[in-house]
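Heads up, the thing below is written out as structure tokens.
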Amino acid sequence: MLVLIFFFYLSSSNDGQRVERVEALSLDMSQVSRIIELSPKVFEEMDNLRLLRFYCLDDSHIPTKNPTRLHLPQQGLEYLPNTLRLLRWDLYPSPSLPSNFFPENMVYLKMPGSSLTQLWEGDNVHLVNLKVCDLWGSKELIKIMDFSGVPNLEELDLGECSSLVEIPSSIQLCRKLTKISVSGCVNLCGFPSDLRLTSLEEVDLYECPRIRELPKLPSTVKTLSIYSSGIKQVTAACIGHLTRLQRLWVGEIVESLPCEIGFLNCLQELWIRGGGPKVISIPDTICNLTGLVWLDCSSCKNLESLPNGIGRLKRLKTLDMGGCSKIRSLPSDIGELTSLKLLDLSGCSSITSLPESICDLESLKYLSLE
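Numbering (mature numbering (1 follows the signal peptide of the UniProt record, and there is no 0)), first residue to last: -16 to -1, 1 to 354.
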């Protein structure tokens, strides 16, 4: 059972035995109306503490523009119990964790919007039970730990860590990793070229402009985002083997899509939004993706046509062509998209007429022609 105790009450308590018995602390900081000054030794007597949560139930408090109401002195914490198994501290205000903190039983570590520059000094960290590491929005983070000490890691979220420049190649030792997100890491330039981890399902490289090449990925990947990255080439060798892929988000500077995209039979969402200047057409093989639900080609300013045969996409619900100013006509079989609910043709200024079959779109609820 989660024991809910207000932190400011505990930190002022002189009852050592009562503090020693505490196993869990949880506080919703979005409900705290005043600043709480914390002692660097506030956890010193809590040797049975297993769960520590200072969180913001209201997500609007997580971005770093909203300062934390829990203040630490400049030297930070001097002690955290090594018995901790779960640590969540939103907007953690110090640049590092205590140097003597090595929680070997830690399973879950989440510190979004923190002021961390690194988790621990040095690389000698062994957290063999750690499964989740989430440091999203830690904009001062410049270094992440050596992954050889976290062999059982399953989820890694470093999104919006805009000062981070490198992901160590030792991440290849995390054989159980299912998700890695470095979205918004705008200065990240060092990224492993080989991520063929047999449990990997989600790879998010959104807004990573300094990553220029897509790493080698296993066939287990289900979600891949390279939107707003520096990756120009998406070749058959890169994605042709991703037969379990369900969501693929590319765009902006991608030069073309390979015909082999039509072999990705599990694909449900395809985003080509803002495709590069060389994207003038979409492979005809896309019509083989009979499970496709969402197709976003918006703002592909040089896209000239959609493939004939698109009517075979019987499950397609959303077709967004907004801003495709060079498309002159739609395929005659577009009326065969029996599940289509949204069709956005706003900004398609070169289209002068619509095929008669568009009247057959019985499921259509939204049509934009502005």
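All C-beta atoms, glycine included, are put in the ideal place defined by N, C-alpha and C.
Option nearest residue i by Cα separation, candidates the options
i	options	result
residue 117	148, 221, 127, 94	94
residue 254	293, 322, 286, 297	297
residue 350	28, 306, 339	306
residue 177	202, 6, 169	202
residue 232	104, 279, 7	279
residue 87	80, 235, 111	111
residue 356	129, 147, 256, 162	This structure cannot settle anything about residue 356, because the visible part of the chain is limited to -16 through 354.
residue 227	247, 105, 284	247
residue 125	109, 161, 311, 97	97
residue 20	26, 344, 53, 261	53
residue 160	175, 148, 186	186
residue 184	157, 288, 262	157
Bridge-paired residues (DSSP) for residue i
i	result
residue 55	21
residue 336	Note: residue 336 sits in no beta bridge, so no partner.
residue 165	141, 188
residue 302	278, 326
residue 38	11, 73
residue 207	186, 231
Residue i (DSSP reduced to helix, strand or coil)
i	result
residue 186	strand
residue 240	strand
residue 312	coil
residue 117	strand
residue 132	helix
residue 111	coil
residue 343	helix
residue 317	helix
residue 122	coil
residue 269	helix
Whether residue i touches residue j by CB criterion (9 Å)
i	j	result
residue 320	residue 337	no
residue 335	residue 315	no
residue 55	residue 22	yes
residue 11	residue 37	yes
residue 357	residue 230	Residue coverage of the chain in this structure runs from -16 to 354, which leaves residue 357 outside it and unanswerable.
residue 326	residue 348	yes
residue 180	residue 163	no
residue 292	residue 259	no
residue 198	residue 215	yes
residue 277	residue 257	no
residue 103	residue 70	no
residue 284	residue 303	no
Cut-off 7 Å between Cβ atoms - residues of its own chain near residue i, not counting five sequence neighbours on either side
i	result
residue 114	90, 91, 93, 134, 136, 137
Own chain partners of residue i with C-beta closer than 6 Å, once the 5 adjacent residues on each side are dropped
i	result
residue 40	13, 14, 46, 74
residue 290	315
residue 360	As shown, the chain starts at -16 and ends at 354. That puts residue 360 outside it, with no answer to give.
Beta-carbon proximity list for residue i, same chain, < 8 Å, skipping 5 on both sides
i	result
residue 167	143, 144, 188, 189, 190, 191, 192, 209
residue 146	123, 168, 169, 170, 171
residue 267	241, 242, 243, 245, 246, 291
residue 425	Nothing can be reported for residue 425: it is not among the residues displayed for the chain, which extend from -16 to 354.
residue 83	104, 105
residue 309	285, 331, 332, 333, 334
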